[in-house]
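Everything on this sheet refers to the single structure shown next.
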Amino acid sequence: MVTLEPQFSPTDGAAEPYTVLLPDGTLRDGATPSMSDDEVVEALRLMLLTRTFDDKAFRMQRQGRFGTFSQVRGQEAAVTGSAAALDPRRDWVVPQYRELPALLRQGLPLKQFILYFTGNPAGGGVPEGVNCLPLNIALAAQVPHAVGLGWGLRQQGSDAVVITYFGDGASSEGDVHEALNLAGIVKAPVVFFLSNNGWAISTPRSKQSAARTLASRAIGYGMPGVVVDGNDLLAVHEVTAQAVRRARAGEGPTLIEAITYRTGPHNTADDPTRYVNDEELKHWQQLDPIDRVRRYLTARGRWNEEIEAEVDAQNKAIVDEAFAEAAAHPAVHADQLFAHLYHQFPSRVSRQRAEFAAHS
Amino acid sequence: MVTLEPQFSPTDGAAEPYTVLLPDGTLRDGATPSMSDDEVVEALRLMLLTRTFDDKAFRMQRQGRFGTFSQVRGQEAAVTGSAAALDPRRDWVVPQYRELPALLRQGLPLKQFILYFTGNPAGGGVPEGVNCLPLNIALAAQVPHAVGLGWGLRQQGSDAVVITYFGDGASSEGDVHEALNLAGIVKAPVVFFLSNNGWAISTPRSKQSAARTLASRAIGYGMPGVVVDGNDLLAVHEVTAQAVRRARAGEGPTLIEAITYRTGPHNTADDPTRYVNDEELKHWQQLDPIDRVRRYLTARGRWNEEIEAEVDAQNKAIVDEAFAEAAAHPAVHADQLFAHLYHQFPSRVSRQRAEFAAHS
Amino acid sequence: MPVMTMVEAIRDALFLEMERDERVMVIGQDVGRLGGVFRATDGLQEKFGEDRVVDMPLAEAVIAGSALGLAVSGMRPVAEIQFLGFGHQAFHQIGPHIARMRYRSQGRFAAPLTIRAPFGGLVRTPEHHCDAIEAQFVQCPGLKIVMPATAYDAKGLLLASIRDDDPVLFCEPLRGYRLIKDEVPAGDYTVELGKARVAREGDDVTIIAWSAMVKTAEQAADLLAEQGVSAHVLDLRCLVPLDVEAIVEAVERTGRVVVAHEAPLTAGFGAEVIATINDEAFYALEAPIRRVTAPDTPYPLAGVEDFYVPNAERIAAAALDVVRTVA
Amino acid sequence: MPVMTMVEAIRDALFLEMERDERVMVIGQDVGRLGGVFRATDGLQEKFGEDRVVDMPLAEAVIAGSALGLAVSGMRPVAEIQFLGFGHQAFHQIGPHIARMRYRSQGRFAAPLTIRAPFGGLVRTPEHHCDAIEAQFVQCPGLKIVMPATAYDAKGLLLASIRDDDPVLFCEPLRGYRLIKDEVPAGDYTVELGKARVAREGDDVTIIAWSAMVKTAEQAADLLAEQGVSAHVLDLRCLVPLDVEAIVEAVERTGRVVVAHEAPLTAGFGAEVIATINDEAFYALEAPIRRVTAPDTPYPLAGVEDFYVPNAERIAAAALDVVRTVA
Ligand SMILES: Cc1ncc(C[n+]2csc(CCOP(=O)(O)OP(=O)(O)O)c2C)c(N)n1
Ligand SMILES: Cc1ncc(C[n+]2csc(CCOP(=O)(O)OP(=O)(O)O)c2C)c(N)n1
Ligand SMILES: [Mg+2]
Ligand SMILES: [Mg+2]
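Chains as they are written, first to last, in our numbering: chain A, 1 to 360; chain B, 361 to 720; chain C, 721 to 1047; chain D, 1048 to 1374.
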């Protein structure tokens, strides 16, 4: 009676995350970096830029001059390394809300991001030529969009690839299941990038699923699944680049799970001291993804304190200027409730629009 | 650059279905049946009963005397073998709509099933003491219910197990993902029984998912997954009995995928000649799950033509009587639109109820 | 002019538009090989191939959600939800995303897609298949909701919907697929979204309806005519955009109004019709408006559905009451 | 009597009921360790343990759907949907299943569960978090919908909801969590579901509202008082059961009515209120009813939300118009 043991067992989902760049900034034995030094420098600048932004925006929020937002702190390598595997002119990013480096690399002006989080509807706009969908707050809803987008682009003869980001929390939503399954069927050119940062607000990964890894779900959709050290810029880049190549070649989607950690609060309204374990947080702070790249580039003679200072000054200037641009943006007005809602407005809505215009 | 191959690959989801009873009615080498001969006889009678019912109900439907319904034809072993692993007094069945043998074994009067499909709301009723939820037409919605039910029973100190049935089609719904994931987390005492009958109406399994097996999804929820020959009563019973034992012992849920085939139309409104391949159908008809058990029992001296004739006569009588009981049920009336909708009716609805009573 | 059933008219529109515009895709459960459970897409896959007519997995949210992605990519998907009752499974995609893509992206992206879904009862379908939940989708700003009542309109409105740059929820009356038959021109034509249709002219009372209930309203008008009452039947055709002018005109003409729908009374679209009349034509009313609807109960099993769905007698009786009301 | 904020009153009710009835469970995203993103469940897990206060995975459909299973098993779950806007993700569980379990099973099973969900704007939350989609759930026969406007009611209605043998969607006004404060008795009490509350007595015009909009209506009443207009404010408290008698009484008292809600105009619950008055109190009306609502657009980003949500001035202006209308 004990002959027919289940063919699939929970432990089949276990895997060690891939690493290329070790925490001390050296390469894993036998590893070759998939990024040139110039590319790594570029990536580090971007990671630093978003950290500069995160710091400033957080302070501004505390002063009541910026809205509720989520920092990318601690996850810079995962977002930047994956985005660096894309060709911004043809490939697309379908974000959740914590992927500023990817959006910037695609060409989204930082000002847009700022406008969005100051609550100006104009901030939802994506300039023509920038291949990003708007931020997505309703968790996981973006994942089906990414599948349709990739599928449709291919249908029109393009070899574009779509990457979509979503969290360990979002991964529990039905939409993710339905989207992964469809992508497997139509071989959509999509990279599903699951940023497992250990938390969905206060809910730890351990309470989000009993799965050993979330990437193991790929098996159940007939696609490859990869677990990667999300604090390792080079490993993230390499596995994403492979997934992009597969997708571009018509071989279909890949699910990548990046193991990383949210070292800040969930967002500016959150108080993580209520639930985050200090030890764990310290452990991950020591694995800071930016430090690791700094060490790597320093060892390779491509980074030093002067460069750091210079980049920091540049980044501060970029961020300040973006905030200044956003501040100089025309003030919000009531008509923004209506603008762009329809291509052709129902007359009732047009009438409301006129009434609102008259009263404000 | 090709060093970091995905840890999980689509082929990780491949598995041969377990078998115990071979198509020729003999046992697989080394296999011991998990059911006594008496139990197998009982199961065969039930399988034959539902086939008798399917035939008669189909004819009645064609004569306009019965509603649209889905036969269990071809899948009798999967449903009966799994249900036979339950203790009807404490365990629960949460059905889709194609599981008549399981409902009967739990004690649902056949008359109720008939009433339901003649469109009498009374048919939705489940007599006190019968541990089944109502049929579920909205695909996959029942799967979360099963998880809550199992979880809640355990919370109250019961060692009851819940089995829920759903199809290969239903498995694509987000609800199944969310439910499997929650069950893994709370270790709900639930057996997820996926009847993969090759079709969701006209959509073949191959277009439903690129996964090699659907049971492989268990990995991604941290639970065991089993693929079993769904036309093999004994194999289905054995793997289900194991899953029930695990669940009862507090070890959590199991996902079982039974590979079977719908040898009839999707339902009485369907015309499968538009999409079913003749060869494939014939192949599966030869694997008829009832024939297999007949051969097995015949070889063991527990079945012969007299018994068959006797059982057939009994089954016909049971079915005829159930149809007669259903026909004798009080005629439908307008108040059934309202009955049981609320424990405490809003006064507006009570008023409507009175108006309807006055007008009909 | 050829007479077509509504399902033929819908199929005709799909053929025409797929032929005319290669960005059009048809996706949904069983729409390909089978040609749809009601044959609305019969023959499309054979003609236009598996790339453009796609049998989807059984998952409404991703049918809707991927249609949005397809639309953003430049395609014009026509997605079928096999029954509107299962539109709930896709609600979070339809309301907050499909309807808002243009708005959220400040016009950079749009959602020129159509979701087709049959609904409504009296054809003995199983639970949920008949649920008339159209009103629940009305409060999804950005979405248009189209409800044809004739084969002619089904074709013309569907062509207009697919070509519309805004997303459309196109609800088809299940029992009308074969029962509704009328003259349908062979080639290309569109019926403008947001213009109601006077199905019958009359002076004593206006019956407002949409979808299959328009036919029932016309039958009620026949019954009323026997009693010497002249009923005006207004077919809304679209819930969004709502043809407020046509409603006002009809109310002003008759002063007395009945609204009929298949959905339950409370919070049905009939409520909005009454509220609109209150807003725009209050003083033209000579009597309270009457709603003839299903009760506030779920769509029941087939055996009692005849009690549930408003019929011509109930509409006529309500109309008579309204006509006879003396303020 | 102690003064409590609304969120304190809700927490108090949950404590009391978990203490009194061990079948009560609290499940939802972040309800355990964190105590809820608004602290509505703060301290519950510490007191009642991880088995009864459960942090759920991020999946609204299974939060609702498993709550139904829990209820069938004999528990009394209180499930939190973190924001009502994400109730769409669970709509297919709430309408067709939770609301209908008793009906579908002919009374064998029931769904004595409560779904708590905050909604509403003006507190600078991100997209979707503020969506006032309550009207979309009204057409789910079998479901009750509760909308407290005061801390006192929040506690008493929540206790009544949890004890009710029918399922309840309990919508909490986000901006009221800390802003709404009033006297709340310490111990056990319930407020009957389906009874509206006269928030303020007046004779010239009735303002009908629910949830946070009641406060705004009262502010409007203050403004009106300055102009010598005496406004009657009716807090519906529940959309289902709807207190039709209280509405009729108020309409008969003043003859003039304004309905205010945070949701868009079209197909908002205001439409049903107007339709109900048309049905039941038509002849008492001395002027058309006015709706003061959000426009037919999505809830916008925070920077423009002050334009979107009706304020006391808009309500007062509409009320003045109504009062001054001469037929
Ligand atoms: C559908 C939905 N449900 C709930 C929320 C509320 N919410 C916002 S962020 C969040 C946690 C998200 O966790 P995860 O997906 O892991 O992303 P992370 O914030 O960690 O990057 C929740 C529950 C939401 N935005 N959308
Ligand atoms: C949510 C939902 N979507 C669509 C349908 C329409 N429908 C009824 S049965 C069916 C196919 C079901 O396939 P499967 O789950 O494999 O079960 P089977 O009929 O093969 O037993 C479909 C699409 C439905 N009932 N529910
Ligand atoms: Mg996370
Ligand atoms: Mg199937």
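Where a beta carbon is used, it is the ideal one built from N, C-alpha and C, also for glycine. These numbers were taken from a predicted model, which means no experiment stands behind them.
(Q) I'd like the ranges of any alpha helix (DSSP H) spanning at least 4 consecutive residues and lying wholly in the segment 580-645 of chain B. (A) 593-608
**Q.** Residues bridged to aspartate 955/C (per DSSP)
**A.** Arg917/C and Ala929/C
Q: Determine the contact status of tyrosine 261/A and glycine 198/A, defining contact as a CB-CB distance below 8 Å.
A: yes
Q) From glycine 390/B to valine 1071/D, what distance separates their C-alpha atoms? A) 50 Å
Q: Assuming arginine 1303/D and valine 1252/D form a contact by the criterion Cβ under 8 Å, report the distance between their Cβ atoms to the nearest whole angstrom.
A: 4 Å
**Q.** Local Cβ density within 10 Å of methionine 361/B, reported as buried at 16 or more and exposed below that
**A.** Annotation note: pLDDT 44 at methionine 361/B (below 50); position unreliable, coordinate value reported separately. Label assigned to methionine 361/B: exposed.
Q. Going by C-alpha distance, which of Phe117/A, Ala269/A and Val191/A is nearest serine 82/A?
A. Val191/A
Q. Would you call histidine 719/B buried or exposed, if buried means 16 or more other Cβ atoms sit within 10 Å of its Cβ?
A. exposed
Q: Give me the Cα-Cα distance between isoleucine 1035/C and arginine 1044/C, rounded to the nearest whole angstrom.
A: 14 Å
Q. How big is the Cα-Cα spacing for leucine 1216/D and threonine 524/B?
A. 27 Å
Q | Own chain partners of proline 832/C with C-beta closer than 6 Å, once the 5 adjacent residues on each side are dropped | A | Ala791, Arg796 and Asp885
Q | Alpha-carbon to alpha-carbon, glutamate 399/B and arginine 652/B | A | 15 Å
**Q.** Residues within the segment 259-278 of chain A neighbouring chain D, beta-carbon criterion of under 7 Å
**A.** Arg274 and Tyr275
Q. In its own chain, which residues sit with a C-beta less than 8 Å from the C-beta of histidine 1139/D, not counting the 5 before and 5 after it?
A. Ala1108
**Q.** Beta-carbon gap between aspartate 414/B and glutamine 431/B smaller than 8 Å
**A.** yes
Q: Please look up how many angstroms separate the CB atoms of alanine 1106/D and serine 172/A, rounded, as I've assumed it's under 8 Å.
A: 4 Å
Q: Please list, in chain order, all residues of the same chain as alanine 200/A whose beta carbon is under 7 Å from its beta carbon, the five residues on each side excluded.
A: Gly167, Asp168, Gly169 and Gln208
Q: Could you check what DSSP says for proline 1165/D in three-state terms: helix, strand or coil?
A: strand
Q) If we cut at 8 Å on Cβ distances, does arginine 422/B have a partner in chain C? A) no
Q | Proximity test, Cβ basis, 8 Å: proline 1091/C and chain B | A | Residue 1091/C cannot be examined here, being either before or after the span of chain C that is shown, 721 to 1047.
Q: Would you list, in sequence order, the uninterrupted alpha helix (DSSP H) runs of no fewer than 4 residues that lie entirely inside the segment 44-93 of chain A?
A: 76-83
Q. Along the segment 230-244 of chain A, what residues have a CB closer than 9 Å to any CB found in chain B?
A. Ala235, Glu238, Val239, Ala241, Gln242 and Ala243
Q: Note the first and the last residue of the continuous alpha helix (DSSP H) segment covering proline 461/B.
A: 460-466
Q: Assign serine 555/B to one of three DSSP states: helix, strand, or coil.
A: strand
Q) Is DSSP giving threonine 1340/D helix, strand or coil here? A) strand
Q: For asparagine 181/A, I'd like the list of residues in its chain whose CB is within less than 7 Å of its CB, leaving aside the five on either flank, ordered along the chain.
A: Tyr221
Q. Which stretch, first to last residue, makes up the alpha helix (DSSP H) that contains histidine 177/A?
A. 174-186
Q: Give me the Cα-Cα distance between alanine 520/B and arginine 608/B, rounded to the nearest whole angstrom.
A: 7 Å
Q: For the segment 796-836 of chain C, list the beta strand (DSSP E) runs that are entirely contained and at least 3 residues long, ordered along the chain.
A: 796-800
Q. Nearest CA to the CA of glutamate 611/B: which residue from Gln712/B, Asp372/B and Lys547/B?
A. Lys547/B
Q: Between the Cα of valine 507/B and those of Val1185/D, Gly1116/D, Cys1187/D and Thr1052/D, spot the shortest distance and give me the residue it belongs to.
A: Gly1116/D
Q) Helix, strand or coil for alanine 375/B per DSSP? A) coil
**Q.** chain A contacts from the segment 1319-1344 of chain D (Cβ-Cβ distance under 9 Å)
**A.** Ala1341, Pro1342, Asp1343 and Thr1344
Q. Is there at least one non-hydrogen atom of ligand 1 closer than 7 Å to the beta-carbon of tryptophan 284/A?
A. no
Q.
For the segment 790-817 of chain C, list every residue whose C-beta sits within 7 Å of some C-beta in chain A, in sequence order.
A. Leu790, Val792, Ser793, Gly794, Met795, His812, Gln813, Pro816 and His817
Q) Alpha carbon to alpha carbon, what distance is there between alanine 691/B and lysine 471/B? A) 14 Å
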